[in-house]
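Participant:
Structure follows, in C-alpha coordinates:
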(Lines of atoms letter the chains of each structure in order from A and count residues from 1; the text may use other names and numbers.)
(Lines give C-alpha, C1' and ligand atoms only; values in the text may rest on other atoms or scores of the structure.)
Protein backbone atom coordinates (compact mmCIF):
# COMPACT_ATOMS: atom_id res chain seq x y z
CA UNK A 1 0.00 0.00 0.00
CA UNK A 2 2.82 2.39 0.92
CA UNK A 3 4.60 1.75 -2.41
CA UNK A 4 1.38 2.37 -4.31
CA UNK A 5 0.91 5.79 -2.65
CA UNK A 6 4.52 6.69 -3.39
CA UNK A 7 4.08 5.63 -7.05
CA UNK A 8 0.90 7.70 -7.36
CA UNK A 9 2.57 10.76 -5.82
CA UNK A 10 5.60 10.27 -8.07
CA UNK A 11 3.34 10.02 -11.14
CA UNK A 12 1.53 13.22 -10.12
CA UNK A 13 4.85 15.00 -9.58
CA UNK A 14 6.25 13.88 -12.94
CA UNK A 15 3.02 14.86 -14.70
CA UNK A 16 3.15 18.28 -13.02
CA UNK A 17 6.75 18.80 -14.12
CA UNK A 18 5.95 17.78 -17.71
CA UNK A 19 2.90 20.09 -17.86
CA UNK A 20 4.98 22.98 -16.45
CA UNK A 21 7.72 22.44 -19.03
CA UNK A 22 5.15 22.30 -21.84
CA UNK A 23 3.55 25.56 -20.67
CA UNK A 24 6.95 27.27 -20.48
CA UNK A 25 7.82 26.12 -24.02
CA UNK A 26 4.44 27.33 -25.33
CA UNK A 27 4.87 30.74 -23.67
CA UNK A 28 8.42 31.04 -25.01
CA UNK A 29 7.17 30.21 -28.51
CA UNK A 30 4.44 32.84 -28.26
CA UNK A 31 6.93 35.46 -27.04
CA UNK A 32 9.31 34.67 -29.91
CA UNK A 33 6.45 35.00 -32.41
CA UNK A 34 5.47 38.32 -30.82
CA UNK A 35 9.10 39.49 -30.98
CA UNK A 36 9.17 38.76 -34.73
CA UNK A 37 5.90 40.63 -35.27
CA UNK A 38 7.23 43.64 -33.33
CA UNK A 39 10.47 43.65 -35.33
CA UNK A 40 8.34 43.74 -38.49
CA UNK A 41 6.43 46.75 -37.10
CA UNK A 42 9.72 48.52 -36.29
CA UNK A 43 10.85 47.90 -39.88
CA UNK A 44 7.56 49.31 -41.24
CA UNK A 45 7.85 52.42 -39.03
CA UNK A 46 11.48 52.94 -40.04
CA UNK A 47 10.63 52.59 -43.74
CA UNK A 48 7.66 54.99 -43.48
CA UNK A 49 9.79 57.57 -41.61
CA UNK A 50 12.40 57.37 -44.38
CA UNK A 51 9.74 57.73 -47.09
CA UNK A 52 8.19 60.64 -45.19
CA UNK A 53 11.49 62.51 -45.15
CA UNK A 54 12.14 61.84 -48.85
CA UNK A 55 8.63 62.71 -50.04
CA UNK A 56 7.74 65.26 -47.33
CA UNK A 57 4.41 63.60 -46.55
CA UNK A 58 2.77 62.64 -43.25
CA UNK A 59 3.55 59.17 -41.95
CA UNK A 60 -0.06 58.26 -41.20
CA UNK A 61 -1.23 55.83 -38.53
CA UNK A 62 0.65 52.64 -37.81
CA UNK A 63 -1.00 50.24 -35.40
CA UNK A 64 -0.22 47.08 -33.47
CA UNK A 65 -3.36 45.07 -32.63
CA UNK A 66 -5.46 48.25 -32.81
CA UNK A 67 -3.08 50.43 -30.74
CA UNK A 68 -1.45 53.42 -32.41
CA UNK A 69 2.36 53.46 -32.54
CA UNK A 70 3.98 56.66 -31.19
CA UNK A 71 7.62 55.86 -31.84
CA UNK A 72 10.40 53.34 -31.34
CA UNK A 73 12.56 52.58 -28.31
CA UNK A 74 15.99 51.04 -28.83
CA UNK A 75 18.41 49.89 -26.13
CA UNK A 76 21.31 48.12 -27.82
CA UNK A 77 22.90 46.84 -24.60
CA UNK A 78 19.93 44.56 -23.86
CA UNK A 79 18.79 44.03 -27.47
CA UNK A 80 15.55 46.00 -27.21
CA UNK A 81 13.87 47.59 -30.21
CA UNK A 82 10.11 47.93 -29.88
CA UNK A 83 7.29 50.14 -31.10
CA UNK A 84 5.90 52.33 -28.32
CA UNK A 85 2.10 52.03 -28.17
CA UNK A 86 -0.01 55.07 -27.29
CA UNK A 87 -1.93 53.70 -24.28
CA UNK A 88 -1.00 51.75 -21.18
CA UNK A 89 -3.65 49.09 -20.76
CA UNK A 90 -3.26 45.48 -19.69
CA UNK A 91 -4.13 44.41 -23.24
CA UNK A 92 -1.73 46.84 -24.96
CA UNK A 93 1.10 45.73 -22.68
CA UNK A 94 0.61 42.16 -23.90
CA UNK A 95 1.77 43.35 -27.34
CA UNK A 96 4.55 45.87 -26.72
CA UNK A 97 5.84 48.61 -24.42
CA UNK A 98 3.46 51.51 -23.86
CA UNK A 99 3.34 55.27 -23.28
CA UNK A 100 2.54 55.64 -19.59
CA UNK A 101 3.05 59.35 -18.92
CA UNK A 102 4.24 62.55 -20.55
CA UNK A 103 3.56 64.62 -23.62
CA UNK A 104 5.02 62.85 -26.65
CA UNK A 105 8.15 61.06 -27.81
CA UNK A 106 11.20 63.34 -27.48
CA UNK A 107 9.22 66.32 -26.15
CA UNK A 108 10.59 68.49 -23.34
CA UNK A 109 9.70 66.87 -20.02
CA UNK A 110 9.53 63.30 -18.81
CA UNK A 111 8.24 60.69 -21.26
CA UNK A 112 7.52 57.50 -19.32
CA UNK A 113 7.32 54.05 -20.91
CA UNK A 114 5.90 50.95 -19.20
CA UNK A 115 6.70 47.38 -20.19
CA UNK A 116 6.37 43.88 -18.83
CA UNK A 117 9.32 42.18 -17.14
CA UNK A 118 9.13 38.90 -19.05
CA UNK A 119 11.15 36.04 -17.62
CA UNK A 120 12.62 35.24 -21.05
CA UNK A 121 14.14 38.73 -21.25
CA UNK A 122 11.67 40.15 -23.77
CA UNK A 123 10.03 43.55 -23.29
CA UNK A 124 11.68 45.10 -20.20
CA UNK A 125 12.79 41.72 -18.83
CA UNK A 126 16.48 42.70 -18.85
CA UNK A 127 16.32 46.35 -17.79
CA UNK A 128 17.82 45.33 -14.45
CA UNK A 129 21.08 44.79 -16.39
CA UNK A 130 21.23 48.47 -17.36
CA UNK A 131 23.66 50.79 -15.57
CA UNK A 132 24.35 54.49 -15.27
CA UNK A 133 25.81 55.73 -18.55
CA UNK A 134 24.00 53.21 -20.78
CA UNK A 135 22.11 54.65 -23.76
CA UNK A 136 18.40 54.60 -24.61
CA UNK A 137 17.36 55.87 -28.05
CA UNK A 138 13.86 57.08 -28.90
CA UNK A 139 12.68 57.76 -32.44
CA UNK A 140 9.50 59.75 -32.98
CA UNK A 141 7.25 59.31 -36.00
CA UNK A 142 8.72 62.58 -37.30
CA UNK A 143 12.02 60.71 -37.68
CA UNK A 144 13.78 62.61 -34.91
CA UNK A 145 16.13 60.35 -32.94
CA UNK A 146 17.22 61.40 -29.47
CA UNK A 147 19.72 59.55 -27.31
CA UNK A 148 19.32 59.49 -23.55
CA UNK A 149 21.95 58.52 -20.99
CA UNK A 150 20.83 56.58 -17.91
CA UNK A 151 21.55 58.49 -14.71
CA UNK A 152 19.56 56.57 -12.11
CA UNK A 153 17.89 53.23 -11.44
CA UNK A 154 15.87 52.35 -8.34
CA UNK A 155 12.97 50.32 -6.90
CA UNK A 156 9.59 51.79 -5.86
CA UNK A 157 6.24 50.54 -4.56
CA UNK A 158 3.55 50.02 -7.23
CA UNK A 159 1.48 52.94 -5.89
CA UNK A 160 4.41 55.40 -6.07
CA UNK A 161 4.13 57.48 -9.26
CA UNK A 162 6.62 60.19 -8.29
CA UNK A 163 9.02 58.78 -10.91
CA UNK A 164 6.98 60.40 -13.70
CA UNK A 165 8.11 63.86 -12.61
CA UNK A 166 11.03 65.47 -14.41
CA UNK A 167 14.19 65.56 -12.37
CA UNK A 168 15.56 68.63 -14.14
CA UNK A 169 13.07 71.16 -15.57
CA UNK A 170 13.37 72.10 -19.23
CA UNK A 171 15.12 68.90 -20.28
CA UNK A 172 14.12 65.81 -22.22
CA UNK A 173 13.95 62.77 -19.98
CA UNK A 174 12.75 59.20 -20.44
CA UNK A 175 11.68 56.87 -17.64
CA UNK A 176 11.23 53.12 -18.00
CA UNK A 177 8.96 51.29 -15.54
CA UNK A 178 8.61 47.54 -15.16
CA UNK A 179 7.49 45.07 -12.52
CA UNK A 180 10.04 43.65 -10.13
CA UNK A 181 9.90 40.89 -7.54
CA UNK A 182 6.67 39.31 -8.75
CA UNK A 183 4.67 42.55 -9.10
CA UNK A 184 5.52 43.61 -5.52
CA UNK A 185 7.74 46.47 -6.70
CA UNK A 186 8.57 48.52 -9.78
CA UNK A 187 12.03 48.96 -11.29
CA UNK A 188 12.50 52.53 -12.51
CA UNK A 189 15.21 53.52 -14.98
CA UNK A 190 15.70 57.25 -15.60
CA UNK A 191 17.67 58.79 -18.46
CA UNK A 192 18.31 62.31 -19.71
CA UNK A 193 18.98 63.58 -23.24
CA UNK A 194 22.62 63.61 -24.26
CA UNK A 195 23.38 67.21 -25.15
CA UNK A 196 24.59 67.58 -28.73
CA UNK A 197 27.80 69.54 -29.07
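In this note's numbering, the protein residues as written are 746 to 942.
Virtual Cβ for every residue (Gly too), placed ideally from N, Cα, C.
Model, not experiment: these values are computed from the prediction.
Compute the distance between the beta-carbons of residue 844 and residue 815, then report whether it is under 8 Å.
Facilitator: The sequence position of residue 844 within the chain shown is 99, counting from 1. The sequence position of residue 815 within the chain shown is 70, counting from 1. Yes. Within cutoff.
Participant: For residue 852, which three-state DSSP category applies?
Facilitator: As a first step, residue 852 must be located in the chain shown, where it is residue number 107. The answer is coil: DSSP assigns residue 852 none of H, G, I, E or B.
Participant: Counting only the same chain and skipping the five closest in sequence on each side, list residues whose C-beta sits under 6 Å from that of residue 859.
Facilitator: If you number the chain shown from 1, residue 859 lands on position 114. Correct list, in chain order: 833, 843, 845 and 922.
Participant: Between residue 787 and residue 826, is the Cβ-Cβ spacing less than 8 Å?
Facilitator: For the purposes of this step, residue 787 is identified with residue 42 of the chain shown, where counting begins at 1. For the purposes of this step, residue 826 is identified with residue 81 of the chain shown, where counting begins at 1. Remark: C-beta atoms of residue 787 and residue 826 approach each other more closely than 8 Å.
Participant: In whole angstroms, what separates the C-alpha of residue 886 from that of residue 829?
Facilitator: What you label residue 886 is simply residue 141 of the chain shown in a count that begins at 1. What you label residue 829 is simply residue 84 of the chain shown in a count that begins at 1. Approximately 10 Å between the Cα atoms of the pair.
Participant: If you run the structure through DSSP and keep just helix, strand and coil, what is residue 776?
Facilitator: Counted from its first residue, the chain shown places residue 776 at position 31. Three-state result, residue 776: helix.
Participant: Closest by CA to residue 867, which one among 926, 761 and 773?
Facilitator: Counting from one through the chain shown, the residue named residue 867 turns up at place 122. Per the Cα distances, 773.
Participant: Which partner residues does residue 820 have in the DSSP bridge list?
Facilitator: Stepping through the chain shown from its first residue, residue 820 is reached at position 75. The partner list for residue 820 (beta bridge, DSSP) reads 825.
Participant: State whether the region 873-893 contacts the region 925-940, with contact taken as three or more CB pairs (one from each stretch) at a distance under 8 Å.
Facilitator: yes
Participant: Measure the beta-carbon distance from residue 893 to residue 912 and round it to whole angstroms, keeping in mind my assumption that it falls under 8 Å.
Facilitator: On the chain shown, residue 893 is found 148 positions in, with the first residue counted as 1. On the chain shown, residue 912 is found 167 positions in, with the first residue counted as 1. Actually they are not in contact, since the Cβ atoms of residue 893 and residue 912 sit about 12 Å apart, beyond 8 Å.
Participant: Is the beta carbon of residue 820 closer than 8 Å to that of residue 881?
Facilitator: Stepping through the chain shown from its first residue, residue 881 is reached at position 136. Stepping through the chain shown from its first residue, residue 820 is reached at position 75. Yes, the pair counts as a contact, with Cβ atoms nearer than the cut-off.
Participant: List the endpoints of the continuous alpha helix (DSSP H) containing residue 837.
Facilitator: The residue you call residue 837 lines up with position 92 of the chain shown. From DSSP, the alpha helix (DSSP H) with residue 837 extends over 835-840.
Participant: When we look at the beta-carbon of residue 847 and count the other beta-carbons within 10 Å, is it buried (16 or more) or exposed?
Facilitator: Here residue 847 refers to the residue found at position 102 of the chain shown. With 16 or more other Cβ atoms within 10 Å, it is buried.
Participant: Mark residue 747 as exposed unless 16 or more other C-beta atoms lie within 10 angstroms of its C-beta, in which case mark it buried.
Facilitator: Numbered from its first residue, the chain shown carries residue 747 at position 2. Under this definition residue 747 is an exposed residue.
Participant: Just reading off the beta strand (DSSP E) that residue 924 is part of, what are its end residues?
Facilitator: Numbered from 1 along the chain shown, position 179 holds the residue referred to as residue 924. Counting along the chain, the beta strand (DSSP E) containing residue 924 begins and ends at 917-925.
Participant: Name the two residues that bound the continuous beta strand (DSSP E) containing residue 938.
Facilitator: To locate residue 938, count along the chain shown from 1; it is residue 193. It spans 930-938 - the beta strand (DSSP E) in which residue 938 sits, taken as one unbroken run.
Participant: How would you label residue 857, buried or exposed, when you count the other beta carbons within 10 angstroms and need 16 or more for buried?
Facilitator: Mapped onto the chain shown, residue 857 falls at position 112. It is buried - the Cβ of residue 857 has at least 16 other Cβ atoms within 10 Å.
Participant: Here's a check: name, in chain order, each residue in its chain whose Cβ is nearer than 6 Å to the Cβ of residue 888, leaving out the five neighbours to either side.
Facilitator: By 1-based counting over the chain shown, the position of residue 888 is 143. 794 and 798.
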